[in-house]
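Mapping to our numbering: the sequence shown position 58 is 61, numbers consecutive.
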Amino acid sequence: MKKPPSAPVSAFAQELPGVFAPWGSVRLRRMFGGWGVFHEDHMLALVVSDALYLKADALTAPVFDARGLQPFVYERHGRPVALSYRQAPAEMYEGPAEAVEWAGRAWEAALRSASRPGPAASRRPGGSVDKKGR
Numbered sequence: 004m005k006k007p008p009s010a011p012v013s014a015f016a017q018e019l020p021g022v023f024a025p026w027g028s029v030r031l032r033r034m035f036g037g038w039g040v041f042h043e044d045h046m047l048a049l050v051v052s053d054a055l056y057l058k059a060d061a062l063t064a065p066v067f068d069a070r071g072l073q074p075f076v077y078e079r080h081g082r083p084v085a086l087s088y089r090q091a092p093a094e095m096y097e098g099p100a101e102a103v104e105w106a107g108r109a110w111e112a113a114l115r116s117a118s119r120p121g122p123a124a125s126r127r128p129g130g131s132v133d134k135k136g137r
């Protein structure tokens, strides 16, 4: 069966490699009904409805909270689910120093996230996960 064509990349998303350029190269990959922003095969940002969300974790969430930058939330089975991606601040688009600061923060959170084993995998011998996610 043939896949439906992917939605074209929006003008907003097409500009993001330029925003991140002072920090490093990124590529966009279609996912989650939006676009993932990747550097060295790690996802450090998410684009949904022309809004940029940066990877956050327990160490960086207070910085986002202090600026009132909300997490990306979607609905699953009628319930809201918040992901570990937070709204990017407007100042990220204002200049290279701001882009480097915020991209670096997201990159560090992405690396910390990648280095932690998932909760399901860490409970089973050998780190395997069965069909029920145990």
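For every residue, glycine included, the Cβ atom is placed at its ideal position computed from N, Cα and C.
Three-state secondary structure assigned by DSSP to residue i
| i | result |
| --- | --- |
| V12 | coil |
| A93 | helix |
| A48 | strand |
| P20 | helix |
| A85 | strand |
Own chain, CB closer than 7 Å to residue i, minus 5 neighbours either side, in chain order
| i | result |
| --- | --- |
| D68 | none |
| A102 | V22, F23, P25, W26, M95 |
6 Å Cβ shell around residue i - same chain, five flanking residues per side excluded
| i | result |
| --- | --- |
| S118 | none |
| R108 | T63 |
| W38 | A16, L31, V50 |
| D53 | S13, F15 |
Closest residue to residue i among the options (Cα-Cα distance)
| i | options | result |
| --- | --- | --- |
| P20 | A113, A106, S116 | A106 |
| Y56 | G81, F15, G98 | F15 |
| L86 | V22, F23, A59 | A59 |
| E97 | V12, E18, S13, V22 | V22 |
| V51 | H80, A61, P99, Q17 | Q17 |
| A113 | R82, H45, V103 | H45 |
| V66 | P11, E104, V84, P25 | E104 |
| A100 | G27, V12, S13 | G27 |
| G36 | H80, V12, R70 | V12 |
| H42 | G71, D53, A24 | A24 |
Where the alpha helix (DSSP H) through residue i begins and ends
| i | result |
| --- | --- |
| W110 | 99-118 |
| V66 | 64-69 |
Limits of the unbroken beta strand (DSSP E) element including residue i
| i | result |
| --- | --- |
| F41 | 37-42 |
| A54 | 54-58 |
| L76 | Here the sequence assigns Val to residue 76, which means Leu is not the residue at that position. Counting along the chain, the beta strand (DSSP E) containing V76 begins and ends at 74-79. |
Close Cβ partners of residue i (< 8 Å) along its chain, the five nearest in sequence each way excluded
| i | result |
| --- | --- |
| P83 | V76, Y77 |
| L47 | V29, V40, F41, L57, K58, A106, A109, W110, A112, A113 |
Do three or more CB pairs link the region 90-101 to the region 66-81 at distances below 8 Å?
-> Output reads yes: the region 66-81 touches the region 90-101.
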